[in-house]
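Chains as they are written, first to last, in my numbering: chain A, 1 to 429; chain B, 430 to 605.
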């Protein structure tokens, strides 16, 4: 973050929406001379003592290591992990610290977790993937078999169906972006096309669904339509270049791009083709959306178009007035992010943010926009639009569609209030 | 990873193509044939029409004791649920707040059998015998007033029981 102390320069910036949002291209276009002018006051105000060569420049550093770890100065980069579940052992979540991260890729150690019966310790030499049901020839594959198949690498987000469900509650919790929205991550996944394996088994006439189960204690199962399975579903073996972690399904998981995370079955061991869904517990009793009239939506698969500002975000503090970069992530289960707008006045005026990414389908897209905080109250919001033309709805618009108890598939606009003291809080606005 | 030379060439030639239209001989074909008979007892999937239900049977009267031993500590003696544990009995999708239970929400009896057998009890999933699962399922359905205590549930009779909320779901699977 840089700083503006020069009132005259600040007034020359192009205002693109109320309450301090400015044109990023204009700011970048100032060039070195302009930027120097903006920060000259703070440089002059700095300590004027002689600059010393630091101690670490006068000795050799430590040796290389086999598997790297973050700098000890980085501080706490941790998932928000819940306490162990005494009633349902191994059932729980940990959330990605979105507010601490930049860019679009989630480090493997910080990818969110959701387990229904803990993380099994699977010896890949003893693991099997069986494809059976409505196929010409049921087949069994070993992990080593799959490593020999042609692979594909794709960057995709993964979001739990229950992500952001906290903001469906009646009162806004004083929570961080991670606590509310941290069941969201994005990785480069590498694996084997499911269509290839289904082709080898031979899809029988009449098969329309793919049911899958994992090798965890709960043998968690889900069903997806065959047309999706043949379009882009694959068996993920690597995540960001290394074998997927145990908590992500080692040795293999199903990966269903853009759809609610639960269908990407971890510790994948069974794929059974059928002419109807299995109606597992986790696609009837759970992960269904109760409507106001008592009916429920079943098989709500693509995650809705969504965004949130990660910086600044809940429980942060702005320590100075002046120029800040508002930054966040946007994504959609229906395609690429085509636009993100940001408001600093609770949605009354909006400005287009800069999209810093490749605009890939079904991946996180980082957005950024400069904002001058002048010390007054503000409500920061972001609103995403996807390549299918869907616009992220307000919280109230989402809630109106469902029964009050529904916690799934919430994609309402996030509001962060900024107080005159610079305290950032989750609010409903 | 060692591969025969022919497969290396094929993998190189088709490494960027992933399509159901690939001719069968163009992919590695490393899967070993397996039979459905070999998967009996391993494949736990049960469909709403009852396909996959094992042999054996049970009644609610038989299930009371095993339910009280294996289930009641968390789900309650009457299936009322507890802190962090779903209720199994009663409830309504239309009450305020809505209360979703096996009785008020679950659309198929097959799901109940499937889930209890694969995932319950949480400390020792798959430790119940097929007969014990029939008995527990019968008892939970009995607590919901859906079967009398002496009705014998098996692979034929269980899927014929219509759950109160069987028509309560709207299929969104083709909204992709």
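The beta carbon of each residue, even a glycine, is placed where N, CA and C say it ideally should be. Just so it is clear, the structure is predicted and the values come from calculations on it, not from any experiment.
task: Note down, in chain order, each residue of its chain lying with its Cβ closer than 7 Å to the Cβ of residue 289/A, except the 5 sequence neighbours on either side.
output: 296, 297, 300, 402, 406, 408, 409
Margin query: Please report the distance separating the alpha-carbon of residue 343/A from that of residue 350/A.
Written below: 5 Å
Stretch pair the region 386-396 of chain A + the region 322-337 of chain A: three plus CB contacts closer than 8 Å
Short answer: they touch.
**Message:** In whole angstroms, give me the CA-to-CA distance for residue 184/A and residue 158/A.
**Reply:** Residue 184/A and residue 158/A have their C-alpha atoms some 6 Å from each other.
List the residues of chain A whose Cβ lies closer than 8 Å to the Cβ of residue 490/B, in chain order. In chain A, no part has a C-beta under 8 Å from the C-beta of residue 490/B; the shortest such distance is about 25 Å.
Measuring alpha carbon to alpha carbon, tell me which residue in 362/A, 244/A, 234/A, 352/A is nearest residue 368/A.
352/A
Legend entry - 3-residue-minimum beta strand (DSSP E) runs that sit fully inside the region 137-207 of chain A, ordered along the chain: Correct list: 139-142, 152-159, 184-193.
Beta carbon proximity, residue 137/A to chain B, threshold 8 Å: yes
Notebook entry, point to check: Among all the DSSP beta bridges, which residues are the ones paired with residue 273/A?
Noted result: 133/A, 210/A
Would you mind sorting residue 592/B into buried or exposed? The rule is 16 or more other CB atoms within 10 Å of its CB.
-> buried
Review point. Measuring CB to CB, does residue 103/A end up less than 8 Å from residue 339/A?
Key: Taking 8 Å as the cut-off, the Cβ atoms of residue 103/A and residue 339/A do not count as close.
- Query: Looking at the structure shown, is residue 34/A part of a helix, part of a strand, or coil, going by DSSP?
  - Reply: Summary for residue 34/A: the model assigns pLDDT 42, below 50, so the residue's position carries little reliability, and this model does not support an answer.
Residues of the region 454-469 of chain B whose Cβ lies closer than 8 Å to any Cβ of chain A, in chain order: Close to chain A, meaning a Cβ-Cβ distance shorter than 8 Å, are the following residues of the region 454-469 of chain B: 456, 457, 458, 459, 460, 461, 462, 463, 464, 465, 468.
Chain A partners of residue 503/B, CB-CB under 8 Å?
What residue 503/B touches in chain A: 87.
Compare the C-beta of residue 567/B with all C-beta atoms of chain A and state if any pair is closer than 8 Å.
Cβ-Cβ to chain A under 8 Å: no for residue 567/B.
_Top-ranked residue by Cα proximity to residue 272/A, from 182/A, 173/A, 207/A_ = 207/A
Problem - Bridge partners - residue 600/B, DSSP secondary structure assignment - result: 298/A
**Message:** Tell me the DSSP secondary structure of residue 463/B in three-state form.
**Reply:** coil
Which whole-angstrom value is the C-beta distance of residue 87/A and residue 604/B, which I expect to be below 8 Å?
The Cβ separation is near 35 Å, so there is no contact.
Practice item. Provide the residue span of the alpha helix (DSSP H) that contains residue 447/A, from first to last. Key: The displayed coordinates of chain A run from 1 to 429. Any statement about residue 447/A would go beyond what the structure contains.
Examine chain A for any beta-carbon lying closer than 8 Å to the beta-carbon of residue 587/B, and answer yes or no. Under the Cβ criterion of 8 Å, residue 587/B is not counted among the residues facing chain A.
Do you know whose CA, among 223/A, 278/A, 136/A, lies nearest residue 259/A's CA?
223/A
Inter-stretch contact (C-beta, 8 Å, three-pair minimum) for the region 276-286 of chain A and the region 533-546 of chain B:
yes
Looking only at C-alpha atoms, which of 548/B, 474/B, 506/B, 561/B sits nearest to residue 582/B?
561/B
DSSP three-state assignment for residue 380/A, whether helix, strand or coil | strand
Practice item. Can you grab the Cα-Cα spacing for the pair residue 118/A / residue 16/A, in whole Å? Key: 49 Å
For residue 426/A, name the three-state secondary structure that DSSP assigns.
strand
- Please name the residues in the region 540-562 of chain B whose beta-carbon is closer than 7 Å to at least one beta-carbon of chain A, in chain order. Under the 7 Å Cβ criterion, the region 540-562 of chain B contributes 540, 543, 544, 547, 548, 551, 552, 554.
- Message: Any contact between the region 190-198 of chain A and the region 119-126 of chain A? By contact I mean 3 or more CB pairs, one from each, below 8 Å.
- Response: no
Exercise for the section: Please determine if the region 456-463 of chain B and the region 138-147 of chain A are in contact, where contact requires at least 3 C-beta pairs separated by less than 8 Å. Expected result: yes
Between the alpha carbons of residue 139/A and residue 243/A, how many angstroms are there, rounded?
23 Å
* Best match in 473/B, 465/B, 595/B, 494/B for proximity to residue 543/B [C-alpha to C-alpha] -> 473/B
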